[in-house]
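K.L.:
Heads up: the sequence shown is residues 1 to 946, going by this note's numbering. To start, I am sharing the structure in question, which I have written as structure tokens.
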Amino acid sequence: MKKSSNNWRIKNSICLLVGCSVLSVLYGQNATDNWQHVLPVDTTIQQGVLANGLNYFIRPNNEPRQRAELRLIIKAGSLQEEEDQLGVAHFVEHMAFNGTAKFAQNTLIDFIERNGSRFGADLNAYTSFAETVYQLQVQTDSLALVDTALQVLAEWSNKVTFDPEEVDKERGVIISEWRSSLSSSQRLQMQAYQTLLAGSRYAQRLPIGSPELIDTVPAQRLIDFYQRWYQPENMAIVVVGDVNAAWVEKKIEAYFSTLSNQNFQKATPYPLNTTPTRRYLLATDEEAAFTRWEITFQLEPQKNDLSLGTLNYQLQRSLFGSLLNKRLAKLKETAIPPFTFAYSGFAALPGNYHSYRLSALGTADKTEEALRTVMEETRRVIIHGFSEQELAIEKKAILEQYEQMVKELDKRSSSSIASGIKNAFLEGISMVDLNALPAVVADCLDNISSVALQELAEKALAAEVQNIIITTNSELAPTLPDSAAFYQLLDKLLVIEPDALEETGTQGPLFAASLPSQNAQALDRDTTLQISSFELSNGVKIFLKPTDFKNDEIRFMGFSPGGIDLYEDEDYPSARHALSILDQSGLDTFRESELLQLLSDRRVSVNPYVGSLEEGISGSSNQEDIETMFQLIYLYFTRPRFDSLALAAYQKRQIDIYDRLDEDPRTAFGRMVIDKKYDYHLRRPSFSIDEFAAIDLSRAESIYRERFANAADFCFVFVGNFAPDSLLDLATRYLGNLPANKQDSEQWQDRGLRLSNTPIDTTVIAGQTPKAEVILEWHGEFPYEDRETRLHFSALRELLSFRLREKLREEMGGVYGVRVNMRMQPIPDALHHTSIRFNAAPEEVDSLIAKVYEEINALAAGDIRLGDLEKIKASRAKSYEEAIRSNGFWLGQIAQCIRMKYDFERLYPDYYQQQLDLLDAGKFGAIAQQYLLGATHFKFVLLPTT
């Protein structure tokens, strides 16, 4: 969907995960002697400037194959609006989709969708403070299609028509987009912005603009903005993908060189207010659920260059924030913290400024204690620094990220590369050669000391512009400190000198035991899909599919029937939350912080889960850390850790959250919907304070251990770039020695959790937010084993999405978007479920709902447009082509075949196309009739009190 950003876009010259580093290795000199050197530039990007000043960037790339990502970048956003144009930059972005000289109303979207792209996913745009960006993905197996896509960008750049009738229709869509964000949190955020950005243009130029002005602004003022800022000197074209660079360059020359600049002047830079000051805001709202405080120390702007000094500075900031926040997270291992969440570290502000920020969310009565705790840990680091062990581990982890990134450079998506080029252009820098980074990063990290980090933070906390913002519920405001009391406490805390932390010894190793190899019997091999299966001596079944989709990624999933629903109601709270307690307790002899530290420089993730009907474990690793992955699997089966303090901290945090959660009427409405839909069933997907209080640590541990006590009925699927023999050897040692009992198999149990079979029509009037929420749902029995019915039912979602977008958004202008979801489930009963959700102006709810019903009735009567069906087929074929190049796709599909006892033949390359060919326009009427009109229907509406 077209979208805008009300928040500033956080952009670093080069972020740590993309490429900040130094050059001392390249230059053969000490890093600190070369702060002015620049990083090597990515020479694989072909770039140029047309005679009219338009920049272009072309980068051939084959991931995904036969696809190209196109961007049109305009260096203008809401900051460039005049007083009578608030929101016009975003309005212009919307109008680009509503007609150009060559593409009349809706034909652009129709053209894109007929060629397999999706509106919102592949065709999109956004407007921010200082830029507007249009994005488009197209298939490249047809040069004509790529040629047309470039023409689309050219049309957007100078030939948007601004038909007055279309302008008037789009007003409602934009106001609906503005309305979508309205909430208690948004009202508090708006108050905070006015303090945080006080005295700057940013506070008065939020991209979404003024709804009053959007409703009345003449079309001419949109044209004025468009003509003033959409000029070649202000533009860039980015093309990344499976393309011939020379051909693309000629096309860009052909379509964009004729554009001319008309009295063009560059945008005025707008700074933040840097006058030394302390601002204090206690922002309140009657519907606020939580209390949160934040102190922002405003610092100088970041440099937009690729110098060694700038990037070294960014590395220091990242190191400091990561290390300090790990200390804050560790506090819960020795006491229950006085906050729910806390943060201390560097952050971004608009206009390339940066800041030091301290914040916490918690209960109002713990505000001062939370501030004291966060400041104490921050000052402890400033006075005493980080230990050599802490610093060494974090540096190693950062370096590992770079090394892993370089391993996958040839597998990067075109979308990711296009985004990087876009950011570099907007910041006035070049893209860095990422291949050079690991070596130079290693040298840079060697030169960063704890003293440097201490000085960095100490200087930041001395900033002369300080903003203190507390947001809370109106009724709690009197219990919070006023500005004088808060300043007094803060000034004391800014000079305290806490004692140093006692250093702890190095933990590890993760796993010291040596496990013997067990037998593995080959079961089957599918030569078409390259899937091999084995059974270990303890009954564990293993399925292996090696791939080359990533150079260094292995993903896995292990699962077994069973789950929480095997336990009686009195055990339900303990069973449901056992994983959360385990997650915060650690593993084996390691507390959570020790485990995270031990694994910080390893590319591995392992996560057990216990669902209603199944338990399992999933994760990933690279090739170097694959044995660590198997060790973690073994430990989660055999040596889980459950700490009483972890339980107490978890209960306190959740109870604090849920104690006031329903203060927000919209949240209360959502929870009420769940209650009614499931007829208040104990196991409905909702939480309560009583449930958290009922968790028993001993029972939670026992239930978890029971779920993983017998590996004999577990199936494990491994997908990725691995050597099958090597992986199987690890599996025979770690999975083959898991506890098992082949005679003790089990199945899930049905506890009767179902959507109510009684129709519901409920309207709730609550809250001051001037918008309505609408939820329409249908459900009932479903023949899950009927593949053709499943196919048409799932395609019905897309048909509905097309129709409702066209009717509710484009024709009526009543909504920004409509969410249509459909799902089918085979167990415990074969059921279907459809939901349609949108928000709207309260006075338009009835007409919009009536239009939804009208479109459903039309579909049930067989009113199916063949063009829509062709769009579905094209989109699904395109999505499938991309999905089969993903390890995640194959992991999920293989696991589902095993669960459902399906043959792997249904995963053969030609099977999916055969299924698409079965889509028949003549069958959708009966599908809509049975599974919508003939289903149990729920209608929930939330209306404001005013």
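Heads up, the beta-carbon is just placed ideally off N, CA and C, and yes, glycines get one too.
Rank Pro944, Glu881, Leu918, Pro826 by C-alpha distance to the C-alpha of Tyr902 and give the top, closest one.
P.N.:
Pro826
K.L.:
Which whole runs of the alpha helix (DSSP H) in the stretch 630–690 are 4 residues long or more, in chain order?
P.N.:
644–660, 665–677
K.L.:
If you draw a straight line from the C-alpha of Ala245 to the C-alpha of Asp565, how long is it?
P.N.:
57 angstroms
K.L.:
Mapping the DSSP letters down to three states, classify Phe948 as helix, strand or coil.
P.N.:
An answer regarding residue 948 cannot be provided, because it is not within the stretch 1 to 946 covered by the chain.
K.L.:
Work out the CA separation of Pro665 and Leu755 for me, nearest whole Å.
P.N.:
Leu755 and Pro665: Cα-Cα distance of roughly 23 angstroms.
K.L.:
Once the 5 residues before and after Arg357 are set aside, which same chain residues still bring their CB inside 8 angstroms of it?
P.N.:
Glu294, Ile295, Thr296, Phe297, Tyr343, Ser344, Gly345, Phe346, Ala347
K.L.:
Count the CB pairs spanning the stretch 496–507 and the stretch 369–379 that are closer than 8 angstroms, and state whether there are at least three.
P.N.:
yes
K.L.:
To which residues of the same chain is Ile674 closer than 8 angstroms at the C-beta, ignoring the five residues directly before and after it?
P.N.:
Excluding sequence neighbours, Ile674 sits near Arg684, Pro685, Ser686.
K.L.:
I need the DSSP call for Tyr609, collapsed to helix, strand or coil.
P.N.:
strand
K.L.:
Taking just the CA atoms, how far does Arg885 sit from Arg317?
P.N.:
37 angstroms
K.L.:
Going by beta carbon distance, what residues of the same chain come within less than 8 angstroms of Gly611, once the five residues before and after it are set aside?
P.N.:
Gly563, Ile564
K.L.:
Could you check whether Val815 and Ile1023 sit closer than 7 angstroms to each other, using their CB atoms as the reference points?
P.N.:
Residue 1023 lies beyond the range of the chain shown here (1 to 946); nothing can be said about it.
K.L.:
When you compare each of Ser450, Phe119, Gln265 to Ile393 by their alpha carbons, which one comes out closest?
P.N.:
Among Ser450, Phe119, Gln265, the Cα nearest to that of Ile393 belongs to Ser450.
K.L.:
What's the gap between the Cα of Asn124 and the Cα of Ala512?
P.N.:
52 angstroms
K.L.:
Could you have a look at Ala742 and say whether DSSP puts it in helix, strand or coil?
P.N.:
Sequence check: residue 742 is Lys here, not Ala. If DSSP states are grouped into helix, strand and coil, Lys742 belongs with coil.
K.L.:
Give me the Cβ distance between Asp761 and Lys871, rounded to the nearest whole Å; I'm assuming they're in contact under 8 angstroms.
P.N.:
With a Cβ gap of about 33 angstroms, Asp761 and Lys871 do not count as contacting.
K.L.:
For Asp446, does the count of other Cβ atoms within 10 angstroms reach 16, so buried, or fall short, so exposed?
P.N.:
exposed
K.L.:
Please identify the residue among Ala575, Ile237, Ala360 whose C-alpha is closest to the C-alpha of Ser702.
P.N.:
Ala575
K.L.:
By the three-class DSSP mapping on this structure, what secondary structure does Met812 have?
P.N.:
Met812: coil per DSSP, three-state reduction.
K.L.:
For Ala712, collect the residues of the same chain with a Cβ closer than 8 angstroms to its Cβ; drop the 5 residues on either side in sequence, then sort them by chain order.
P.N.:
Asn538, Gly539, Val540, Ala740, Asn741, Lys742, Asp744, Ser745
K.L.:
I need the straight-line Cα distance from Ser801 to Trp778, nearest angstrom please.
P.N.:
16 angstroms
K.L.:
What residue range is occupied by the uninterrupted alpha helix (DSSP H) comprising Gln151?
P.N.:
Looking at the DSSP string, the run of the alpha helix (DSSP H) that includes Gln151 is 143–158.
K.L.:
Would you check if the distance between the CB atom of Arg602 and the CB atom of Thr628 is smaller than 7 angstroms?
P.N.:
It is a contact, given that the beta carbons lie within the stated cut-off.
K.L.:
Let me know the alpha helix (DSSP H) ranges lying completely inside the stretch 877–933, each 4 residues or longer, listed in chain order.
P.N.:
887–900, 909–917, 924–928
K.L.:
Just the Cα atoms here: how many angstroms apart are Glu663 and Leu328?
P.N.:
28 angstroms
K.L.:
Report the three-state DSSP secondary structure of Leu108 (helix, strand or coil).
P.N.:
helix
K.L.:
Could you tell me the distance, in whole angstroms, from the CA atom of Pro724 to the CA atom of Gln893?
P.N.:
19 angstroms
K.L.:
What is the rounded straight-line gap between the Cα of Ser5 and the Cα of Ala935?
P.N.:
With a pLDDT of 37 at Ser5, under the threshold of 50, the modelled position of this residue cannot be trusted; read the value that follows with caution. When rounded, the distance between both Cα atoms is 39 angstroms.
K.L.:
By how many angstroms is the C-alpha of Gln651 removed from the C-alpha of Glu594?
P.N.:
22 angstroms
K.L.:
Within the chosen definition, does the stretch 400–418 reach the stretch 236–245 through at least 3 CB pairs nearer than 8 angstroms?
P.N.:
Taking 8 angstroms as the limit for Cβ pairs, the verdict is that the stretch 236–245 does touch the stretch 400–418.
K.L.:
Below 7 angstroms between beta carbons: does that hold for Leu54 and Pro232?
P.N.:
In contact: Leu54 and Pro232 (Cβ atoms closer than 7 angstroms).
K.L.:
Within a Cβ cutoff of 7 angstroms, which residues of the same chain sit near Lys923, ignoring the five residues on either side of it in sequence?
P.N.:
His792
K.L.:
Quick one: residues in its chain with C-beta nearer than 8 angstroms to the C-beta of Thr43, no 5 flanking neighbours on either side, listed in chain order?
P.N.:
Asp433
K.L.:
With distances taken between CB atoms, is the gap from Ser585 to Ser605 smaller than 7 angstroms?
P.N.:
Contact: no.
K.L.:
Could you give the DSSP three-state label for Val820: helix, strand or coil?
P.N.:
strand
K.L.:
Name the two residues that bound the continuous beta strand (DSSP E) containing Ala485.
P.N.:
Ala485 -> not in any beta strand (DSSP E); alpha helix (DSSP H) instead, spanning 483–493.
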